Amino acid sequence: PLRDAFSVLFFVSVGMLFDPFSLISNGWPILATLAIIVIGKSLAAFAIVVAFRYPIATALMISASLAQIGEFSFILAELGVGLKLLPEQGRDLILAGAILSIVLNPLMFLAVDWMKPWLERRAGKTASLDEAKPIGPATEPGQLASVAAPVKEDGPPPRTALTGHSILVGYGRVGSLVGASLKKAALPFLVIEDADKTLAKLRDDGIETVSGNAANSEVFAASNPEGAKRLILAIPNAFEAGQIVLRARAANPKINVIARAHSDAEVEHLKGLGADTVIMGEREIARGIVEEVMEGKTEAAEEPKAPIT
121 PLRDAFSVLF
131 FVSVGMLFDP
141 FSLISNGWPI
151 LATLAIIVIG
161 KSLAAFAIVV
171 AFRYPIATAL
181 MISASLAQIG
191 EFSFILAELG
201 VGLKLLPEQG
211 RDLILAGAIL
221 SIVLNPLMFL
231 AVDWMKPWLE
241 RRAGKTASLD
251 EAKPIGPATE
261 PGQLASVAAP
271 VKEDGPPPRT
281 ALTGHSILVG
291 YGRVGSLVGA
301 SLKKAALPFL
311 VIEDADKTLA
321 KLRDDGIETV
331 SGNAANSEVF
341 AASNPEGAKR
351 LILAIPNAFE
361 AGQIVLRARA
371 ANPKINVIAR
381 AHSDAEVEHL
391 KGLGADTVIM
401 GEREIARGIV
411 EEVMEGKTEA
421 AEEPKAPIT
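Per the numbering used here, residue 121 is the first one in the sequence shown, and the count goes up by one each step.
Encoded structure:
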């Protein structure tokens, strides 16, 4: 509570420094500063993440998260004024840009949610065009060469024919271990994943996949949640996992939902949305340590003492 009180005090004091009339007197410089923060930083972050071949959903989320500046910028601006490296007008522009970018940041996340499905479909369509290679030369001038496979039209992914299966969302460190166990036990399952390299490996291993973000309604519907027995959420993002839980419960109220969490708040959040079992990694680590200690203590107690000579 004390931390929250100081946070409120900080942002209120910062807001009091902002002069609303400066939007009229310095409108264009403030808009330029805001554009650099919101648009410039976002585009740069998006380009860097995509250049490292991360999924578009990840690039959008990171770019939206960086579409603002916070309290550290105030410290740098004040230091710049003190060292006479930055005029006071520059500090005022940074202050105005920071406040406006913080206000606009929730709208950026709404825009990301709106753009994500469209960009993912466009990326999938481009990949299909790249994979369709010509078999031979055109037979007549102006005639197109035949292609190895038809290009899929832009639309939702095909729906699986599996029933009574498990839907595994995410195939990272946790998901891959879960998937290996399901495969070893010969239990039917499919994986929803948006990383291209992971999808390629899963297909090579003969595991059925649905490409895309499970929070997307069309992608999740392709996994046939109505006929599924179990939903396993192996992704670390509790907010996104909560959205998927809601979709699963709406499609199949009887589906067994298992999720992962990193804190007590995330456990309560996911259980409140309808998850049956939420496993927190820290608790499982502690439980494993305690079991190891107790087993060692029991073995030490059962070990016979040497006779005294």
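No residue lacks a Cβ here, since even glycine has one placed at the ideal position from N, Cα and C. All values reported here derive from a predicted model rather than from experimental measurement.
* Backbone CA spacing between Arg173 and Ala315 [nearest angstrom] -> 9 Å
* Asked: Does DSSP put Val288 in a helix, a strand or coil?
  -> For clarity, residue 288 is Leu in the given sequence; the question names Val instead. Correct three-state label for Leu288: strand.
* Is it right to say Phe126 is buried, meaning 16 or more other beta carbons lie within 10 angstroms of its own, or is it exposed? -> exposed
* Asked: Can you tell me the Cα-Cα spacing of Thr397 and Arg350, whole angstroms?
  -> 11 Å
* Would you give the residue range spanned by the alpha helix (DSSP H) that Leu301 belongs to? => Per the sequence shown, residue 301 should be read as Ser rather than Leu. From DSSP, the alpha helix (DSSP H) with Ser301 extends over 293 to 304.
* If you draw a straight line from the C-alpha of Ala300 to the C-alpha of Ile214, how long is it? -> 51 Å
* To do: Please classify Leu310: is it buried, with 16 or more other beta-carbons within 10 angstroms of its beta-carbon, or exposed?
  => buried
* Using a threshold of 9 Å, state whether the C-beta atoms of Val339 and Gly332 are closer than that. => yes
* Cα-Cα, which of Ala179, Ile189, Ile355 is closest to Ile157? -> Ile189
* To do: Enumerate in chain order the residues of its own chain whose CB-to-CB distance from Glu251 is below 6 Å, with the five nearest sequence positions on each side excluded.
  => Residue confidence for Glu251 is low, a pLDDT of 45 falling below 50, so the modelled location carries little weight; the figure read from the coordinates is stated next. Within the same chain, Glu251 has no close Cβ partners at all.
* Asked: Among all the DSSP beta bridges, which residues are the ones paired with Ala381?
  -> Met400
* To do: Determine the extent of the beta strand (DSSP E) in which Ile312 is found, giving its start and end residues.
  => 309 to 313
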